[in-house]
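Numbering (the numbering used here), first residue to last: 7 to 285.
Heads up, the beta-carbon is just placed ideally off N, CA and C, and yes, glycines get one too.
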Amino acid sequence: MDFIKLSKFSFALSFLFIAASLVAIGFQGFNLGIDFTGGTSLIVNFAERPNLDQLRTVLSAERVQITTLENDFVIKTAAFSEQHKDELLQILDDNFGETRLLDYEAIGPSAGSELQNQAYLLTVLVLAGILIYITFRFELWTGLAAVAGLLHDVIITLGFVSWLGLDFNISMIAAILTIIGYSINATIIIFDRVRENLGSKEYAGADLALIANQALLSVLGRCINTSVTTILAVLAVYLFGGLSIKAFALTMLIGFTVGAYSSIFIAAPLYVFLRRRRF
């Protein structure tokens, strides 16, 4: 299989997904959690523990997010006031008996906005650091191709997050950074083999596209095995894990799949394209 020749189709497919993702992000936006918008977070437990569905039914009119934490419940709401906290506790007391407040945290709108800006800045700094590292270890064109592949993964993953309406909070930023780390690892393996082939007498005078394609073929089995085992592990977390981590696991499942694709079909062909032209 010639992955470099297939790049016209892979680039076109990626362009469509990126365009669709940008449209989803631009028009639908993100379902921001209280980490970024501000609000109230309570951790409670009960003398007689209700199930999660019962709790959601009782608090359905309060616009809250409810997740489990071992034997406790984490209740988050966009409302930011002591009075609202007391009202929630009273509702819980009336419906489920004695309710114990284990922890209470209020995040103001300004603090949420600051946290959101810090999360975005962290992501940009990570990408910039990767560009510098790859450039130092390989060359500029390798670094640019690698970062372009990562941006491809991040944009498409965020497009799915927006389209699916998943809660966008701090754990989502952690998922994005995990995806970046996973994807760049696979990309480095491929570029390392490309560099090895470029210095090999066997490929002396050979076309760059041939060298890159042979490098891809030589590590393809390893990349596929790593990707499949990782995706299966995350799939198990999504299927059998608690409700509180489903959005996180689904985001990583999407990101790892897109990252496996981009490392093979985007980063290496893009490196060949950039190195040939040397803009």
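Beta-bridge partners of residue i, as assigned by DSSP
i    : result
Q71  : K82
F174 : L38
V50  : F79 and L107
G265 : The partner list for G265 (beta bridge, DSSP) is empty, contrary to what the question assumes.
G45  : I113
Sequence-distant residues of its chain with Cβ nearer than 6 Å to residue i (five each side left out)
i    : result
A274 : I196, A218 and L222
L172 : A253
E104 : A53
N101 : V64
S177 : F254
D109 : I49
Q34  : S168
V80  : I49 and T73
Nearest neighbour of residue i, chosen from the options [CA to CA]
i    : options                   : result
T184 : Q122, Y244, L259 and Q124 : L259
G44  : F102, I24 and V70         : V70
H90  : S20, F79, L65 and N101    : L65
N191 : E145, I136 and A210       : I136
S20  : L214, V160 and E208       : V160
S47  : D78, A255, I24 and F36    : D78
E88  : S189, E111, G35 and C229  : E111
S269 : I194, V200 and T73        : I194
I179 : G227, L146, N123 and K207 : N123
Q220 : R201, F174, T232 and T73  : R201
G205 : L241, F144 and Q60        : F144
D198 : S177, T257 and I140       : I140
L133 : V80, A210 and I182        : I182
A25  : Y244, I162 and A210       : I162
N37  : N57, F174 and D92         : F174
I230 : M7, L22, Q34 and Y267     : Y267
Y339 : L121, S233 and A210       : Because residue 339 is not part of the residues shown, which for the chain are 7 to 285, the question remains open.
M7   : I251, L241, Y244 and L216 : L216
Counted within 10 angstroms of its Cβ, other Cβ atoms place residue i as buried (16 or more) or exposed
i    : result
I186 : buried
T63  : exposed
F142 : exposed
K82  : buried
F246 : exposed
A18  : exposed
A84  : buried
V225 : buried
G39  : buried
D99  : exposed
Y286 : An answer regarding residue 286 cannot be provided, because it is not within the stretch 7 to 285 covered by the chain.
D59  : exposed
I72  : buried
D41  : buried
L256 : buried
N57  : exposed
L61  : buried
I113 : buried
Close-in-space but distant-in-sequence residues of the same chain around residue i (CB under 7 Å, 5 per side omitted)
i    : result
I272 : S16, S20, G155 and H158
V95  : The sequence given here places Leu at residue 95; Val does not occur at that position. Here the set comprises T105 and L107.
L164 : S27 and I31
L214 : V278, R281 and R282
N203 : Y209, I217, Q220 and A221
V243 : I251 and A255
Residue i CB to nearest heavy atom of the ligand MN below 7 Å
i    : result
I113 : With respect to the ligand MN, the structure offers nothing, as it holds no ligand at all.
Chain-order list of residues whose beta-carbon lies under 8 Å from that of residue i (same chain, five-residue window excluded)
i    : result
W147 : Y277, L280, R281 and R284
R228 : I195
I138 : G149
Does the structure place the segment 260-277 close enough to the segment 235-249 that three or more beta carbon pairs sit under 8 Å?
yes
I want to know whether the segment 9-16 touches the segment 45-53 - three or more CB-CB distances under 8 Å.
no
So, does the segment 26-38 touch the segment 166-180, judging by three or more C-beta pairs under 8 Å?
yes
Is the segment 276-283 touching the segment 150-160 in the sense that three or more CB pairs, one from each, lie closer than 8 Å?
yes
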